[in-house]
Amino acid sequence: MLGVKKTVGFDFNRKLEVVKWTLNHQMDYRQAVEKFDLSYQQVYTWVAKYRKDGDRGLIDRRGRKIPFDEMNEVQRLNCEVKLLRVQLQDRNLMELMRKKSEIVEGRG
C-alpha cells in the first residue's frame, strides 16, 4: 500500500531524473513512486510541469523576483504602477505630517 511520504526539497537534476524515468516507463507513476520513494502526487506534478514547460517547468521559482529587464511590458507596467502608488502614499503622508506639525506649532 502506498503511504504519505515526508516532504523533502529536491534539486532540479533529481526531478528531471524522476520525470525522464517515468516517461521512459510508459508513465508508470506507481512504479516511480516505489523506485524513488516519493508521493504519487509529487511524481504526477513533476511530469505534468515537464510536459507543459519542458525542463524550465521543474525549476523552483518560489520567492524569485523577475529582473526588470526580463519582464514583459505588462509586468513592467504593473511594477511601475506599484512604485507610483508607494510614492503617492509617501507624498500624502509627508503632507499630512507637515499639516499636523503646523497645527501643533500653532501656525495652522
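The sequence shown begins at 359 in our numbering and counts up by one. We put the CB at the ideal spot given by N, CA and C, even for glycine.
Per DSSP, the continuous alpha helix (DSSP H) segment holding Asp448 begins and ends at Glu431 to Glu463.
A distance below 8 Å separates the beta carbons of Val376 and Val401. Membership of Lys407 in the alpha helix (DSSP H) is indicated by the continuous run Tyr398 to Asp411. Secondary structure of Gly415 (DSSP, three-state): helix. Judged by DSSP in its simplified three-state form, Phe368 adopts coil rather than helix or strand.
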